[in-house]
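For reference, the structure discussed in these notes is given below.
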Amino acid sequence: MLEMKPCRAIALALVVAAQCASLATAAGPRVIIVGAGMSGISAGKRLSEAGITDLVILEATDRIGGRIHKTKFAGVNVEMGANWVEGVNGDEMNPIWTMANGTGGLNLRTFRSDFDHLASNTYKQDGGLYDEKVVENIIERMDEVEESGSKLSGTLHHSGQQDMSVMAMQRLNDHMPSGPARPVDMVVDYYQHDFEFAEPPRVTSLQNTQPLPTFSNFGDDVYFVADQRGYESVVYHVAGQYLRTDRKSGAVTDPRLKPNTVVREISYFPSGVTVKTEDDKVYRADYVVVSASLGVLQTDLIRFKPQLPSWKIVSIYQFDMAVYTKVFLKFPKRFWPEGEGKEFFLYASGRRGYFPVWQQFEQQYPGSNVLLVTVTDDESRRIEQQSDNQTMAEAVAVLRKMFPKEDVPDATEILVPRWWSNRFFKGSFSNWPIGVNRYEYDLIRAPVGRVYFTGEHTSEKYNGYVHGAYLAGIDSADILINCAKKKMCKYDVKGKHD
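Take a look at the structure:
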């Protein structure tokens, strides 16, 4: 994460005036959308509903979906990126759940994830299980501290000036004041925080994550998507509502979608925008919506001319792009416990985040003999830079330590997604930094002239989630529609303390 000194100017109330369309034809303005992930596709749908159909969607990869992407592994389709519908069975209906398993009609094959039995499935560094009561006590204490943190969070000033890290809150509650030291404390702490946010409690904001709006609003349940059509079928479902698709295959055939088109430069003027691609093509439009990931915006893949103003650059660099890596391993036979309450298990290493959270797929992919282990942050970056054979050897060595009495064979296949190394993503999802509030979210979402921004990182309440990406696309499209159709082109950003 790059550090920049805060610019005093952005502490003032900011008004971003997007130019009104002067060259738009009677059919409406022409809009370029950069990126065909969930946010870009969602924004396109919203624009189309408002009658803005002169669109072109420039996508760097050969597919739509972005960080929602299935791939074939060990004879089944598994998810390299987003895998859960998070926030189900609450007071409000998660829009992604509606599409995946509700009235949307997709009826994806999903499984409610049951994390209630971790206390009886936590393995020592050198093998064997911890006493269930010992782990239960740690989890109960952790839950007490989280509840106390949520209450404290509600008392802090909305400006974010009193915000603190989750770790600082833990210390205030005399909870492992020096940080978790024992392997078992570390892995429970990791499961509680890093497994959700992909970064440790010392860098995660208390005020923005406790309580977490996703679960407060949509419910505490999470459902694992294990459908052979892939989680990406939700993105295709949205796309199919305004882009022409092949009825048999479901593939998008609409000529307005341009795959394998890498945007390298966006120039913006009072009268319009031009977008240059890596193959030296130039696209012209009235507006552009940039739905590239936060990680991409923090690199020089896309150059803006003129350079974005300092308040915009600072807002982009203030947020973290986290890395969350799901490593899939295929074995010739099963050697791990199965049955009710055995889906998830933890490995308590003395090295925080070292192959910590495991999942077996007795229900989801029966007979596949596949295990999933999740790593994040520094371990993700380390693993991305070494060979898959090295990662496979490390993971199998951990399993042999966990199950010393079992005949643990070598893995036969491994899948290691490399979101951080991929120049079109540069990470998995954004994480809440400390001290950020609605003001910074208004800044990161704010248009610069005719350049509009969307993506899960622009969702004030649901960043990092698929539903956040979907809703952000709608929100950003509405800002553009207000300008292009209603001539309401002022985007007001209230001051940080207002």
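Residue 60 is where the sequence shown starts when you use my numbering, and the numbers rise one by one after that. Note that CB positions come from ideal geometry on N, CA and C, so glycine has one too.
Secondary structure note for SER489: its beta strand (DSSP E) is the uninterrupted segment 488-490. Judged by their CB atoms, GLY96 and ARG126 are nearer to each other than the 8 angstroms cut-off.
For the pair PHE483 and ILE361, the Cα-to-Cα distance works out to about 10 angstroms. Residue range 191-214 is occupied by the alpha helix (DSSP H) that includes THR214, with no beta strand (DSSP E) assigned at that position. Annotation: the continuous beta strand (DSSP E) that includes ARG89 extends over 89-93.
Here ASP501 is buried. Its C-beta has 16 or more other C-beta atoms within 10 Å. When the alpha-carbon of GLU108 is set against those of LEU117, GLN300 and LYS392, the nearest one is in GLN300.
Straight through space, the alpha carbons of LEU117 and VAL322 are spaced by roughly 7 angstroms. Between TYR383 and ALA285, the C-beta gap is not smaller than 8 angstroms, which leaves the two residues out of contact. Here DSSP, grouped into helix, strand and coil, assigns GLU397 to coil. Here DSSP, grouped into helix, strand and coil, assigns ASP113 to strand. A distance below 8 angstroms separates the beta carbons of SER352 and GLY514. Here the C-alpha atom of VAL355 lies approximately 15 angstroms from the C-alpha atom of ALA528.
SER275 sits in a helix when the DSSP states are folded into three classes. By a beta-carbon distance limit of 8 angstroms, THR517 does not contact ALA536. Their separation comes to about 12 angstroms.
Annotated three-state conformation of ASN136 is strand, per DSSP. Closest in alpha carbon position to VAL243, among ARG411, GLU291 and PRO236, is ARG411.
Judged by DSSP secondary structure, MET97 falls outside any beta strand (DSSP E) and instead within the alpha helix (DSSP H) spanning 97-108. For GLU397, the closest C-alpha among the options PHE378, TYR406, GLN220 and GLN418 is that of GLN418.
Of the candidates SER207, ILE155 and MET226, ILE155 places its Cα closest to the Cα of VAL297.
In the three-state DSSP reduction, THR336 falls in the strand class (E or B). Distances from the CA of THR263 to each of ASP248, PHE274, PHE277 and ASN276 were compared; the closest alpha carbon is that of ASP248.
In terms of Cβ geometry, TYR521 and PRO272 form a close pair [threshold 8 angstroms].
Where ARG509 is concerned, there is no enclosing alpha helix (DSSP H), because DSSP gives it neither an H nor an E. DSSP places LYS371 within a helical segment (H, G or I) once states are collapsed to three. Pairwise C-beta distances place the segment 130-143 out of contact with the segment 301-308, as fewer than three of them are shorter than 8 angstroms.
Taking the Cα positions, TRP478 is about 6 angstroms away from LYS485. In the DSSP assignment, GLU453 falls within the unbroken alpha helix (DSSP H) covering 447-461.
The C-alpha of PRO492 is placed about 11 angstroms away from the C-alpha of SER374. Around the C-beta of SER369, fewer than 16 other C-beta atoms lie within 10 Å, and the residue is accordingly described as exposed.
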